[in-house]
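>
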Amino acid sequence: MLRAVVATLVAAFVLPLSVTSVVSAEPAASARVDRVESLTARRSAVFVYSPSMQRVVQVQVLHPAGDGQRPSLYLLDGVSAGAESDYRESTWTQRTDLVDFVADKNVNVVLPIGGTASYYTDWLAPDPVLGVNAWETFLTKELPPLIDARFAGNGVNAIGGLSMGATGAASLIARNPDLYRGVAALSGCLDTSKASAQDAVRGTVAYKGGNPDNMWGAPGDPAWAAHDPYALAERLRGKEIFISTGNGLPGPYDVGPDAEALDVGGPLEVGAFVCTIGFDRRLRELRIPATIVYRPYGTHSWPYWQDDLRTAWPTLERALGLG
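Residue numbers (mature numbering (1 follows the signal peptide of the UniProt record, and there is no 0)): -25 to -1, 1 to 298.
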C-alpha cells in the first residue's frame, strides 16, 4: 500500500519543472492552558484548549532551566505527526537527539503533538477521519501568547519542519511574516500550486485516510495558491531562510536490513529534491538570499534531518537573535 502511494507521489513530483484566500477560523473564545505536566526540569507537556480546533491540544516545550527571557523555535513534524508514539511526543524527540542538542541553548523549542496529514493549515471543512484542523490559527494566533507568558518568551520566533512540516512551516511564515523571523525547511515541497505538486500533497492526505478536498478544495481551487510558499515567496524577503534536501541516492545512513528506507525514502526524497530546485529558482529570480543545501545523497529519513537541523542552526540562531 505504502509503495503504491509513493509511486503516485513520485510520478507527480518528477514531471518537468515549470516555473481567493481561505479565511482562517475565528476562535469563539480565548485559548487557554488546560494543564501543564513537568516531564523533566527542561521539558514540559502543555495541554492547551484551542477554540479553533475545538479540543485540547498537547504541545511539548523544551526550555532552558533559568528564568531569563528567550526566543521560541516552533518545530513541525512529518506526515505521521507523533502517531508512532501514539501521540505521546513529537517524532522530533522520539527519533532524533533534539533534547540533547538544544540543552545548552537559550531558546524555547515548541513541538505540537498531532496534526497527522494536516499540513499544519486551516482546513476548509472538518474531515470524517482527520477531524477538525485549524492548525494555522492555533499555531499563529492562539498558542504564541500562551507560550511567551508561561515560558518567558520574548516575542522573537522562528519556525521549522521536515517533509510535510517543511511545507507547513514555509507556508506559515509566508502567510504570517510579522510573527516569524526565519524558517528551516527540510526535505519539503515548497511549490504546491502547480498540478504535479497538488497531486503529491493530495496523495499524502489520502494516504492517512483524509479527503484532500476538505483541506484546500479541489485541484485548482484558489486556496492552493493562497497557501503556496512559491506563490508567496516575496513575503519571505528579509527573513532568514534555510532549505535542505537529499537526492534519493543511498547515503551513510541507508545501510542494514531496512530496505524500505530506500524503496520508500529514496523516491520521496527525489520529490523533495525536484521541489527544492523550483523554489530555489524562484528565490533567485526575486533576489531573496537563502541558504540552500543539496546533499549529494540521502533518503527521506530521520538521521539526515537530525544532521540537517545542525546545519540549519546558524541560520536559526540569526533569526532568533542568538547568533
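The C-beta atom is built at its ideal place from N, Cα and C for all residues, glycine as well.
Residue 300 by DSSP, collapsed to three states: which one?
The first residue shown for the chain is -25 and the last is 298, placing residue 300 beyond what the model contains.
> Please give the ranges of any beta strand (DSSP E) in the region 192 to 268, keeping only runs that are unbroken, at least 3 residues long and fully inside the region.
The region 192 to 268 contains these whole beta strand (DSSP E) runs: 215 to 220.
> Excluding the five sequence neighbours on either side, which residues of its own chain have a C-beta within less than 7 Å of the C-beta of Val131, listed in chain order?
Here residue 131 refers to the residue found at position 156 of the sequence shown. The residues are Pro46, Arg156, Leu295 and Gly296.
> Counting pairs of Cβ atoms below 8 Å between the region 210 to 226 and the region 255 to 265, do you hit three or more?
At 8 Å Cβ cutoff, the stretches touch.
> Is it buried or exposed, Glu244, if we count other Cβ atoms within 10 angstroms and call 16 or more buried?
Sequence index remark: in the sequence shown, residue 244 carries index 269 (1-based). That one is buried.
> By how many angstroms is the C-alpha of Gly89 removed from the C-alpha of Leu73?
Looking up residue 73 in the sequence shown gives position 98. Looking up residue 89 in the sequence shown gives position 114. Distance between the alpha carbons of Leu73 and Gly89 is about 18 Å.
> I'd like to check one pair, Pro197 with Gln173: are the Cβ atoms closer than 9 Å?
Here the question's residue 173 lines up with position 198 in the sequence shown. Here the question's residue 197 lines up with position 222 in the sequence shown. No, Cβ-Cβ distance for Gln173 and Pro197 is not below 9 Å.
> Could you pull out every residue in the same chain whose Cβ sits closer than 6 Å to the Cβ of Gly226, ignoring the five residues on either side in sequence?
By 1-based counting over the sequence shown, the position of residue 226 is 251. Cβ within range, chain order: Tyr272 and Gly273.
> Ala58 by DSSP, collapsed to three states: which one?
Against the sequence shown, residue 58 aligns to sequence position 83. Helix.
> Let me confirm a value: Ala3 is counted as buried when at least 16 other C-beta atoms fall within 10 Å, else exposed. Which label applies?
Walking along the sequence shown from the start, residue 3 turns up at place 28. Annotation note: pLDDT 42 at Ala3 (below 50); position unreliable, coordinate value reported separately. With fewer than 16 Cβ atoms within 10 Å of its Cβ, Ala3 is classed as exposed.
> Compute the beta-carbon to beta-carbon distance between Ala92 and Gly185, rounded to the nearest angstrom, for a pair I have assumed lies under 8 Å.
Start at 1 with the first residue of the sequence shown, and residue 92 comes out as number 117. Start at 1 with the first residue of the sequence shown, and residue 185 comes out as number 210. Confirmed, about 5 Å.
> So Leu86 is in the beta strand (DSSP E); what residue range does that whole segment cover?
Position 111 of the sequence shown, counting from 1, holds the residue named residue 86. Here the beta strand (DSSP E) through Leu86 covers Asn83 to Pro87.
> At the level of alpha carbons, what is the spacing between Val176 and Asp166?
Locating residue 176 in the sequence shown gives position 201, where the first residue counts as 1. Locating residue 166 in the sequence shown gives position 191, where the first residue counts as 1. The alpha-carbon atoms of Val176 and Asp166 are separated by roughly 10 Å.
> Flag this pair as yes or no: are the beta carbons of Gly160 and Ala141 separated by less than 9 Å?
Here residue 160 refers to the residue found at position 185 of the sequence shown. Here residue 141 refers to the residue found at position 166 of the sequence shown. According to the sequence provided, residue 160 is Ala. The question's Gly does not apply to it. Cβ atoms of Ala160 and Ala141: closer than 9 Å.
> Can you look up Thr274 in the DSSP assignment and give me helix, strand or coil?
One-based indexing of the sequence shown puts residue 274 at position 299. Of the three classes helix, strand and coil, the one that applies to Thr274 here is coil, per DSSP.
> Under 9 Å between the Cβ atoms of Val23 and Phe126?
Position 48 of the sequence shown holds residue 23. Position 151 of the sequence shown holds residue 126. Contact flag unset, no.
> In chain order, what residues of the same chain lie with their CB nearer than 6 Å to the CB of Glu12, ignoring the 5 residues before and after it?
For the purposes of this step, residue 12 is taken as residue 37 along the sequence shown, with counting starting at 1. Result list for Glu12: Ala20, in chain order.
> Could you tell me whether the Cβ of Ser27 comes closer than 9 Å to any Cβ of chain D?
You won't find chain D in this structure, because it holds only one protein chain.
> Should Val(-4) go down as buried or exposed, given a rule of 16 or more other Cβ atoms within 10 Å for buried?
As a first step, residue -4 is located in the sequence shown; it is residue number 22 there, counting from the start. Model confidence at Val(-4) stands at a pLDDT of 34, short of 50, so the residue's coordinates are unreliable and nothing is read from them.
> Can you tell me whether Arg293 is helix, strand or coil according to DSSP?
To locate residue 293, count along the sequence shown from 1; it is residue 318. Looking at Arg293 - three-state DSSP - the assignment turns out to be helix.
> DSSP three-state call for Leu99: helix, strand or coil?
As a working mapping, residue 99 is identified with position 124 in the sequence shown. Note: Leu99 maps to coil in three-state DSSP.
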